[in-house]
Amino acid sequence: MTNWEKINEQAIQWIKEAGSKIRASFLQQLKIETKTNRNDLVTNMDKETEQFFIKKINEAYTDHRILGEEGFGDVVEDENGVIWVIDPIDGTMNFVHQQRNFAISIGIYEDGIGQLGYIYDVVHDELYHARKGFGAFLNDQRLSPLSEVEIEDAVIGVNALWVTDNHRINRHVLGPLVQNVRGTRSYGSAAMEIAYVASGRLDSYITMRLSPWDFAGGKVIVEEVGGVVTSLTGEPLTITSKSSVFISKPGLHQKISEKYLRSVELN
Ligand code: IPD
Ligand code: CA
Ligand code: CA
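Sequential numbering from 1 applies to the sequence shown in full-length UniProt numbering.
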């Protein structure tokens, strides 16, 4: 039997340790490189942080697999066994440009089911964490179950990109929703935006394309407080594929789906 309590304790300790190293790096010169395009940044701290976790996990749990954004872990093509899904720094552009609004994001899954989730806002020392069936917490404070809200009273996380010409969604689909809600926000870290839905700072978060490491930790956390996690077309998310993501308070998820996303087509 997997000892989730022990894994949870160790994961929290490692995340805090990694956070300290990232904070210390603010005083040093970062090595910044680009990946797929000039806006897709990676730094030495992204790589070092992922390697830090991999070393710890491999030493403690030889049978666990690791899916990490920077590619130092395993090639994971199925959901079998225990898999750590790691984004060492989610919001690297913010990390480089702002030194805030980024997070360490980790989800630990067993046979495809999320058991532990963590999103650590390193700068504010805010650790969102959850264990399936045991509730979600912001540091030591238990997060309340999410309550219902009307579309007109909702603040939603959405990037302006999705209402301009782009190759994923017709630019006119989300315009009416954006016009009808109370407000929109875009923080530039998917993990933090999911954590904000879990803590009630946002009512929904909508985006067209995320990788498993962007949502794996957040999915566990937000589901523990009753949030609904699907793709834009209502499909469940899995840690083996990229997807559009629509995370929302209960009730609001259904209202937005029915009113604005009924016949949405994504590329
Ligand atoms: C990115 C951030 C961003 C989201 C992108 C992600 P990264 O992650 O979460 O908010 O819009 O799709 O790739 O590259 O900073 O880890
Ligand atoms: Ca990310
Ligand atoms: Ca990242």
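From the three backbone atoms N, C-alpha and C, an ideal C-beta is built for every residue, glycine too.
| message | Quick check on the burial criterion: 16 or more other C-beta atoms within 10 angstroms. Buried or exposed for residue 273? | response | Shown here, the chain extends from 1 to 267; a query on residue 273 therefore has no answer.
| Roughly how many angstroms lie between the CA atoms of isoleucine 239 and glycine 81, to the nearest whole one? | Answer to the nearest angstrom: the Cα atoms are 12 Å apart.
| Residues that DSSP places opposite serine 204 in a beta bridge | Ile156 and Ser248
| Under a three-way DSSP split, which group does valine 222 fall into? | helix
| field | C-beta atoms of arginine 68 and isoleucine 83 nearer than 7 Å | value | The sequence shown places glycine at residue 68, rather than the arginine named in the question. It is not a contact, given that the beta carbons lie outside the stated cut-off.
| Quick one: Cα of lysine 6 to Cα of tyrosine 61, how far? | 11 Å
| query | In the structure shown, what three-state DSSP assignment does residue 268 receive? | reply | Since the first residue of the chain shown is 1 and the last is 267, residue 268 is not available in this structure.
| Cβ-heavy atom distance, aspartate 90 to ligand 2, below 6 Å | yes
| query | The beta strand (DSSP E) spanning residue 295 covers which residue range? | reply | The question about residue 295 has no answer here: the residues shown for the chain are numbered 1 through 267.
| field | Segments assigned beta strand (DSSP E), at least 3 residues, entirely inside the stretch 56 to 117 | value | 65 to 68, 82 to 90 and 103 to 110
| field | Strand pairing of tyrosine 120, partner residues [DSSP] | value | Ile104 and Leu127, per the DSSP bridge assignment.
| Would you report the Cα separation of histidine 148 and aspartate 203, rounded to the nearest angstrom? | Position check: residue 148 holds glutamate in this sequence, whereas histidine was assumed. Going by the C-alpha atoms only, they are around 9 Å apart.
| What separation, rounded to the nearest whole angstrom, lies between the Cα atoms of serine 211 and serine 241? | 7 Å
| query | How about proline 188: is its Cβ closer than 6 Å to a heavy atom in ligand 1? | reply | A small fix is needed here, since residue 188 is glycine in this sequence, not proline. Flag set: Cβ of glycine 188 near ligand 1.
| query | What's the C-alpha gap between arginine 142 and leucine 127? | reply | 12 Å
| According to the neighbour-count rule (16 or more other Cβ atoms, all chains shown, within 10 Å of its Cβ), is asparagine 94 buried or exposed? | Its Cβ being crowded by 16 or more others within 10 Å, asparagine 94 is buried.
| Across which residues does DSSP place alanine 136 in a beta bridge pair? | Ala130
| Any non-hydrogen atom of ligand 1 within 6 Å of aspartate 111 CB | Aspartate 111 has its Cβ no nearer than 6 Å to any heavy atom of ligand 1.
| field | Anticipated Cβ contact below 8 Å, glycine 117 with lysine 249, distance rounded | value | So it is not a contact: roughly 18 Å between Cβ atoms.
| field | Reference phenylalanine 72; option with closest CA among Glu50, Asp78, Arg171 and Gly91 | value | Glu50
| field | For glutamate 5, the first and last residue of its enclosing alpha helix (DSSP H) | value | 4 to 25
| request: Take the Cβ of phenylalanine 26 as the centre, count every other Cβ of all protein chains shown within 10 Å, and call the residue buried at 16 or more, exposed below. | output: exposed
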